[in-house]
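Report on the following structure.
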Amino acid sequence: MRGSADVIVVVTAHLTYKDLSDEAVFIITVKKIEQTLSDYYRGAEGLSGDALKAFLHNIIKDHRTYSYDDTADLLKQTDEDPDNPNNVILFYTGRSESKSAYSSQVWNKEHVWAKSHGDFGTKRPAGSDIHNLRPTDAQMNSTRGNKDFDEGGSKVNVNRGYGPGSSFSYSDSDSFEPRDEVKGDVARILFYMATRYEGEKGEPDLELNDRVNNGSAAYHGRISVLIRWHHEDPVDDFERNRNEVIYSYQGNRNPFIDYPEFADMIWGSKATTSAVDAILNLIAPIVVDPDAFRRNKFTLFTT
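Here the sequence shown stands for residues 530 to 832, where the numbers follow the working numbering.
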């Protein structure tokens, strides 16, 4: 397996004090990054901001692609329940559901970076990128829709009578807040998409911003919330394993799972709401084309 690995170091010490002597054995577990992983990111040292983002983009682009129809079978492996190989873990609910229940009524595929944000649909590569797809309760998928990610709203029923799930999600008219256990996962998936897709070869140019109501523009928000979720819900073993399985099929990795610090190195200085985004969040219901508004030159006067 590529990625983080434990190295067991056994140290034998012979202890002598005056006329007394004894021997002690110490077992030390050391975390290391395997050579294969460090080689994958070789050259990233010392980079930050847009330079680091561009470097990572060049590493993870041009991967193998699959048709959107084929991705359901792949998700049955990437999101397999570690306690039940016949099931998958549904992303927004945490419910373990039979792989065979894939349908429009029970569970289906969710584009975490909503496919309408950039209008890439289900076309290769962005629309069928496995890093961005998660098995999701069908009703929860519909509730989330193409909303940006933020906090607040009304509590969403987590299991609909299908069995135990996890903590609740929340939703309102313009944003969706997933359960606590996957908030960091959401952030790291969006970090990946904004790094992987830079507008080359007819692909979408995806960017993060700090607003909701992004509509069909190639933006997703809110970056300030995503950065916080990234820290509050750190990478876990399920996420690491998923990254490995996707790497075995697609041939590229999510850098923000392997090296979570990359997110702060790229977006840390942008993780606050800008004046422009604050205004756009307030006037979004009445602005027909917020991107045209953003492109206009104007000056903010403060006292």
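We put the CB at the ideal spot given by N, CA and C, even for glycine. All figures in this text were calculated on a predicted structure; none of them were measured in a lab.
For Ser657, the closest of Glu639, Tyr597, Asp608 and Ser629 by C-alpha to C-alpha distance is Tyr597.
The beta-bridge partner set that DSSP reports for His640 consists of Leu662.
Taking 8 Å as the cut-off, the beta carbon of Phe620 is found closer than this to the beta carbon of Val711. By the Cβ rule, the segment 715-725 counts as touching the segment 641-653, because three or more pairs are nearer than 8 Å. Shown here for Pro654: same chain residues with a beta carbon closer than 6 Å to its own, the five before and five after excluded, namely Thr594 in chain order. Taking C-beta separations shorter than 7 Å and ignoring five residues to either side along the sequence, the partners of Val754 in its chain run Phe678, Asp679 and Glu680, following chain order. Of Tyr778, Ser627, Val685 and Gly647, the smallest CA-CA separation from Asn743 is found for Gly647. Secondary structure of Asn675 (DSSP, three-state): coil. In this structure, DSSP gives Lys590 a state outside helix and strand, which the three-state scheme calls coil. One Cα belongs to Ser704, the other to Asn670, and the distance between them is close to 13 Å. Within the DSSP bridge table, the entry for Leu737 names His749 as partners. According to the DSSP assignment, Glu773 belongs to no beta strand (DSSP E) but to the alpha helix (DSSP H) extending over Asp766 to Gln779. In the three-state reduction of the DSSP assignment, Tyr788 falls in the coil class, being assigned neither a helical nor a strand state.
Rounded to the nearest whole angstrom, the C-alpha separation of Gly650 and Glu732 is 11 Å. In this structure Lys638 is in contact with Leu662, their Cβ atoms being roughly 5 Å apart against a cut-off of 8 Å. By the CB criterion at 8 Å, Val617 and Leu604 fall inside the cutoff. Annotation for Val617: the continuous beta strand (DSSP E) segment containing it runs Asn613 to Ile618. For Tyr721, the uninterrupted alpha helix (DSSP H) segment begins and ends at Lys712 to Arg725. Ranked by Cα distance from Ser745, the options Asp762, Glu761, Gly674 and Gly780 are led by Gly674. Contact between Tyr726 and Leu735 is confirmed by a C-beta separation of about 4 Å, below the 8 Å threshold. Close CB contacts of Lys582 within its chain, under the 7 Å cut and outside five residues either way in sequence, are with Thr724 and Ile795 (chain order). Beta-bridge partners assigned by DSSP to Ser627: Asn616. Counting other Cβ atoms within 10 Å of its Cβ, His760 stays below 16 and is therefore classed as exposed.
Sequence-distant partners of Leu576 (beyond 5 residues in either direction) whose C-beta falls short of 6 Å from its own C-beta, in its chain, are Phe584. In this structure Gln779 is not in contact with Ile588, their Cβ atoms being roughly 13 Å apart against a cut-off of 8 Å.
DSSP, read as helix, strand or coil, puts Glu732 in coil. Going by DSSP, Lys684 is part of the beta strand (DSSP E) stretching over Ser683 to Val685. One alpha carbon belongs to Asp714, the other to Asn770, and they sit about 13 Å apart. Looking at the backbone, the Cα of Glu768 and that of Ala792 are separated by about 16 Å.
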